[in-house]
Structure formats: C-alpha cells, structure tokens
Amino acid sequence: MLQRRHFPQFVISTFLKTSKNILFIVPPKVHLLDLNGPAHIFYEAKELGMLVELHFVSVSTAIHAESSAGLSFSNLKPYVEFELSEEDYVFVPGLEYTLISDSSFIQNCDPFFKWLRRQASHGAHVCSVCTGAFLLAEAGLLSGKSCTTHWKYLSRFSQKYPAVYLRKDRLFVVDGNIYTSAGVASGIDLALYIIEKEFGTKWAIEVAKEVVVYFRRSEGDPQLSIFLQYRNHMDSQIHEAQNYLMSHLSGTSSLESVAEHVNMSIRNLTRCFKKTTGITIGDYLEKLRVERAVQLLSTGNKVEVVSKECGLSSNQLRALLKKHRGVLPGDVASLEMS
C-alpha cells in the first residue's frame, strides 16, 4: 500500500499557528479542471501536513451549482459566511463565456463582487483561473493592474477592459494580492507557486511529486525555484537524472555516475538531457548548487559548511555566486528570497 508522506511535528510547528482558508468559488457552469486542479494541489498540501482549510463556496446564497460538463455540486457554502484576512486565498475558476456575457448573471453577482472587493481590501489574496479573470475585472479588482486569462479570450478581454494591462505571454501573473492564471493546467502551476511562496520550496516539491506534475514555465513567468524548473517533459529517465543530481549535490556527480544510474550511455544522456530540458547537465547542476547554497547561506550557515554541502570549494562557491547572483557569500543573508 502506498504510504503518504507527512511532515514531522517539529516541521508543522514552524508553519503558521492557524490554518489558511482557501476558498474555491463554484459559479454556475464552472470548468471542472479550473476548479479541481488547484483544489487538489491544496488537498495534497493538507494531507502532507500544511495548515490549510478548503472551502467550496457559491456566488450566491444557493448551495447547489452545475458545472459546464454537467456535474452537480451540492452543500456549497454561501460566500457571506466568510470574512477573510491577509493569510487567506480565494480562487475564482473559469466558467462558460456565454454566462460571463449574460448581463443578468453579472448583475446578479453584484453582491458577490462587493464582498470580493472587501476581502481584497482586507489583504486576502484573490486568484482567478482562465475566464475567472472576467469576474475579477467585473468586480473592479483589475483596473490598473497586470493580469492574464485564457489565450482564446485575450482579444475580448482587452476590448472589454482597456484599463487592465493584459499580459499575453504569461502562464500566470501576480500583481499585489491579485493573482491571475491563463487557465486549465496553469491553475495548478499557480497553486504550486503559492505553496512554494507560503511554505517553501521543499514542500512545493513534495506536493508536485504527489500529483506527478512539475512547473511548466515560459520565459518571463514569475521566478520559481530551480528545483521545479526544466521539468516540462515526460521523459522518465531524464526526470530520474534530475532527481539524482538534486540528491547528490554534496558529492561529485560525474557524468559516468548519472549515466549509470539511469542506464544510459554518457553520450546519449548528454544529448537527451539538453534536447529534453533545453539546458546542459553541467549548467543545470551549477544552477542547483547555486540555489542550494543561497538557501543554506540565508539561514546563517558558514561558507565552509555550505561549500561542502554543495560539493564545491569555497573559491568555487564564491565564483558561482558572483556569476549567477552578482553577490558574495556574505551578502546572501540580506537578499530577499524569491
């Protein structure tokens, strides 16, 4: 039987003493993956021990809704039951555009929009997936801000909301406490980004492993951990090579040892790794070591200890930090970690 991984109690105690509320709005004709994708990420986070509470909420006083695929939801909680703080998140998933363009539906959502604005003013993080961005715009939360939405609706969105800076090249956009994602699977990317932001890279990786997904990024997306980059592929041998490199940073990860571990020739491994990830093994290992070094240095570890943990000499560590981050080891503690 599969054994689920859970946080040790001392790790849980380092998290917030109170749970974060994660609200998932369930409008009529909601797109299932826009809702279930991010929701499952936070479900896995809770299973692993992170202090989050999931709530499924209607846009009215009704407790029922039907998805665009015909699946019915019941026992939803009315949104009026919640008043949120800056620790909490609200997800507004995508829904059928025919409903968004229905003026009577939008008008009926006015009380919900007022509530949503109030939560944002209290510091709650408001997130949209796919066409959910239209509802955020209707609520007045996107005026003067950057956002994105599903590629199919970019033109309609920009025409309808000219005061919004629409980013057409992003999987998701973060502007203050407003988060918007392009739709469908990018809602999962956004949820993993939030897990990393709130609980740290290690636990975002654990959640990603549980659901067998990795970040899919394009250049210019919000900065994410190197441990989760270069994973937008389905090559199991290359994933295993990446896992091996991540877990052997303190030793000498020779091409021979990696190739032997994944049962490939050195030549084939080198070629396939670059073709699959877009980066050479050497450059990837260098980036892994730099990020691990920054993590260790930022928590007060000495240069000698960090160098050893990263499989580098002190001089090599200084050179890599200068090359990739433009800083020396002593400067790292003052950096704002992304």
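Counting in the UniProt record's numbering, the sequence shown runs from 1 upward without gaps.
We put the CB at the ideal spot given by N, CA and C, even for glycine.
A293 and T299 have their C-alpha atoms roughly 10 Å apart. Separation of the CB atoms of H64 and F73 is rounded to 7 Å, and the pair is thereby assigned contact status at 8 Å. CA-CA distance, I266 to S257, rounds to 9 Å. If you look at N21, you'll find it in the beta strand (DSSP E) that goes 20 to 25. Per DSSP, F227 lies in no beta strand (DSSP E) segment and is marked neither H nor E. DSSP places I281 in the helix class (H, G or I) of the three-state scheme.
Annotation for F82: no beta strand (DSSP E) segment contains it, and DSSP assigns it neither H nor E. By the 16-neighbour rule on beta-carbons within 10 angstroms, W151 is exposed. With fewer than 16 other Cβ atoms inside 10 Å of its own Cβ, P111 counts as exposed. Look at the beta carbons and you see the segment 273 to 287 touching the segment 241 to 258: at least three pairs across the two are nearer than 8 Å. A residue is called buried once 16 or more other Cβ atoms fall within 10 Å of its Cβ, and V59 is buried on that count. By the Cβ neighbour-count rule, Q159 is exposed, with fewer than 16 other Cβ atoms within 10 Å of its own. Here L245 is actually not in contact with C310; their C-beta atoms are around 12 Å apart, not less than 8 Å. In its chain, beyond the 5 residues on either side, L33 have a beta carbon closer than 6 Å to the beta carbon of V184.
Between V332 and L288 the beta-carbon gap is near 16 Å, outside 8 Å, which marks them as no contact. Put simply, the segment 15 to 30 does not touch the segment 157 to 177. Fewer than three CB pairs are less than 8 Å apart.
Boundaries of the beta strand (DSSP E) harbouring S128: 125 to 129, taken from the DSSP string.
Per the DSSP secondary-structure output, S72 pairs in a beta bridge with E66. Straight-line measurement puts the Cα of L95 at about 7 Å from the Cα of P28. Within the same chain, Cβ atoms closer than 7 Å to the Cβ of T276 are found at H233, D235, I238, the five residues on either side in sequence being excluded.
Nearest to G49 by alpha-carbon distance, out of Y97, F199, S101, V90, is F199.
The residue from I178, T201, K209, K145 with its alpha-carbon nearest to that of I226 is T201. Linking F157 to T148 through their CA atoms gives a straight-line distance of about 9 Å. Each residue's CA atom was taken as its position, placing H324 and V290 some 7 Å apart.
With fewer than 16 other CB atoms across the displayed protein chains lying within 10 angstroms of its CB, T98 is exposed. The beta carbons of V211 and H31 sit no closer together than 8 Å. The C-beta separation of L228 from I195 comes to about 10 Å, leaving the pair out of contact by the 8 Å criterion. Burial of G132 is indicated by the presence of at least 16 other C-beta atoms within 10 angstroms of its C-beta. If you keep only unbroken alpha helix (DSSP H) runs of at least 4 residues inside the segment 23 to 64, you get 32 to 47. The beta carbon of H122 sits closer than 8 Å to those of E83, L84, S85, E86, all from its chain and outside the five residues before and after it, given in chain order. Under the 10 Å beta carbon count, T61 is surrounded by fewer than 16 other beta carbons and is classified as exposed.
Note: L95 is bridge-paired with V30 in the DSSP secondary-structure output. DSSP places T270 within a helical segment (H, G or I) once states are collapsed to three. A check of alpha carbon separations from S67 across Y43, D88, L35 identifies L35 as the nearest.
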